[in-house]
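Asks: Sharing a structure here in structure tokens format.
Residue numbers (this note's numbering): 106 to 197.
This is how it looks when you write it as structure tokens:
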């Protein structure tokens, strides 16, 4: 399975549809673990099937994303800032 950690995704199914999230890992069943730092914290990420998310990017350049890809701990505040920066980049 491909490692999607650090990818920015948009939920395309479920109650969080159209929500912007970051993949923070995967579980043994092959589900993605996604968090946004506000409704879904890093300590309790949402499990989501790959088919229920839209992969937006894997190359977003932000220090928090680099930290996450290296396997280090990331705060919810840093994750929210990274997602806000990505949202701003989408709007431009």
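Ideal Cβ positions, reconstructed from N, Cα and C, are used throughout, including at glycine.
Mind listing, in chain order, the continuous beta strand (DSSP E) runs of no fewer than 3 residues lying wholly within the region 135-186?
Replies: DSSP runs (the beta strand (DSSP E)) wholly in the region 135-186: 137-140, 151-153, 158-162.
Asks: Using the DSSP secondary-structure output, state which residues sit across from residue 114 in a beta bridge.
Replies: Residue 114 pairs with 126, 160.
Asks: Measure the alpha-carbon distance for residue 165 versus residue 187 and round it to whole angstroms.
Replies: Residue 165 and residue 187: Cα-Cα distance of roughly 9 Å.
Asks: Short check: CB of residue 140 to CB of residue 150, under 9 Å?
Replies: Against a cut-off of 9 Å, the Cβ pair of residue 150 and residue 140 comes out as a contact.
Asks: Measuring alpha carbon to alpha carbon, tell me which residue in 108, 161, 129 is nearest residue 117.
Replies: Nearest option by C-alpha distance: 161.
Asks: May I have the straight-line CA-CA distance separating residue 178 from residue 152, to the nearest angstrom?
Replies: Each residue's Cα considered, the two are about 19 Å apart.
Asks: Return the chain-ordered list of same chain residues with a C-beta closer than 7 Å to the C-beta of residue 174, the five sequence neighbours on each side being excluded.
Replies: Closer than 7 Å at the Cβ level, and outside the excluded window around residue 174, lie 110, 111.
Asks: Got a sec? Which residues, its chain only, sit under 8 Å from residue 169 by beta carbon, not counting five neighbours each side?
Replies: For residue 169, where only same-chain residues beyond five positions count, the Cβ hits under 8 Å are 179, 183, 184, 186, 187.
Asks: Use the C-beta contact count for residue 129: other C-beta atoms within 10 angstroms, 16 or more gives buried, fewer gives exposed.
Replies: Looking at its Cβ environment, which holds 16 or more other Cβ atoms inside 10 Å, residue 129 is buried.
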